[in-house]
Structure formats: C-alpha cells, structure tokens
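Some notes on the structure that comes next.
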Amino acid sequence: MEYEENRRGKEKCEQEIRAQKLIEGHHQQKLVNAITVDITGKVAHRKGHKRKRVNHQDKPNCFLQKSKAVPQVKLLCGADMLESLGKPNLWKNEDVTEILSSFGIICITRLGSNASNFIYESDILWKYKHMIHLVEEWITNDVSSTKIRRALRKGMSIR
C-alpha cells in the first residue's frame, strides 16, 4: 500500500516536472521573440494616452539596433531544494541534468545552510556548478515555502 502511494506520488511529480519544462521552454521562446521585435515600429495614439515619438531620426543609431541580450529563465530555490537535487533516488538524474544544463539555478541560502557543501558532495551538482548561482541572504527571513505548505496542510493561516 505504502509502496503504491509512493509510486503514484513519484509519477505525479514527474508529470509536473515535464509540464514545468514545457512551460519554461514556452516562456524562454517568448522572451527571445520579445527581444527581437523591431523597436522602430510606429506606435498608434490611443485616446487618453500620451503620444509616442514616431520619428527616430534625432536618436542615435545605438537606440535603433536590436538588442542581442536575451533574458534567461532560471529555477529560483532555497538551499533545501538545492540539497534535495543532490540526494540519490529523490530526483531522476536526467531531470536534474535538464534543469541545470538548460536553465540553471539561483539558490538563496539561509543562515546555517551550507549550499556550497551540497554542491561539493553531489557529483551531478558539482558537474554543473557553473550553472548554480548562490545568493547569500543578507536580511534574515524566516518565511519559507516549506513552512507555508506545512501551515496550509494544518489549516492554519499564512498571513
């Protein structure tokens, strides 16, 4: 019985990860498309709004060129989530590899967590350490998604 529940939970998690990959890919493509839009296009005047300048001749050419910088989609997580990625048999190696190689991670560390040590101890995290950006939390913040989920399960207020 317990094995069956664990298997179903794992399958549901895998389905959610696949769906998340599709969503991330969609948004990454939207970002690429948004950056390559020609900024010299004419802007229509709408009633109640300020008119936009259409004539770009008085602007330097550098403003008329398309930007080559593309925003990136990354997984933002806490140190506990990063640690879970390195635990054997909790995540599929190919899923962790896909997340790290295609997107990368920004990890916000908390006081008392040693994210650098998690990376060092995990072969897969170590391999993609260049795709993991650690951000130190300067101001102590006791709010965590784990605590919020726990409170919601118990029917407690999260305000």
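The sequence shown begins at 38 in the numbering used here and counts up one residue at a time. C-beta: ideal position from N, C-alpha, C; glycine also.
Beta-bridge partners of residue i, as assigned by DSSP
i: L162; result: L162 pairs with nothing; no bridge assigned.
i: V172; result: I145
i: G115; result: I145
Minimum C-alpha distance to residue i - residue among the options
i: Q66; options: N151, L171 and V110; result: V110
i: I143; options: I60, C114 and E131; result: C114
i: A56; options: G123, L119 and I136; result: I136
i: I169; options: S150, I145 and C50; result: I145
i: D132; options: D117, L112 and K184; result: L112
i: S139; options: C50, E53 and G62; result: G62
i: L148; options: K129, L171 and W128; result: L171
i: L122; options: W175, E173, I54 and I60; result: I54
i: A152; options: P108, S194 and E173; result: E173
As assigned by DSSP and simplified to three states, the class of residue i
i: R186; result: helix
i: T177; result: coil
i: V133; result: helix
i: L101; result: Unreliable positioning characterises L101 in this predicted model, as indicated by a pLDDT of 49, which lies under 50. A coordinate reading is not provided.
i: N154; result: helix
i: L68; result: helix
i: G123; result: coil
i: I54; result: helix
i: K191; result: coil
i: R196; result: coil
Q.
With a threshold of 8 Å, are at least 3 pairs of Cβ atoms found where one atom belongs to the segment 159-166 and the other to the segment 178-196?
A. no
Q. At a cut of 8 Å, does the segment 181-196 reach the segment 148-162 through at least three beta carbon pairs?
A. no
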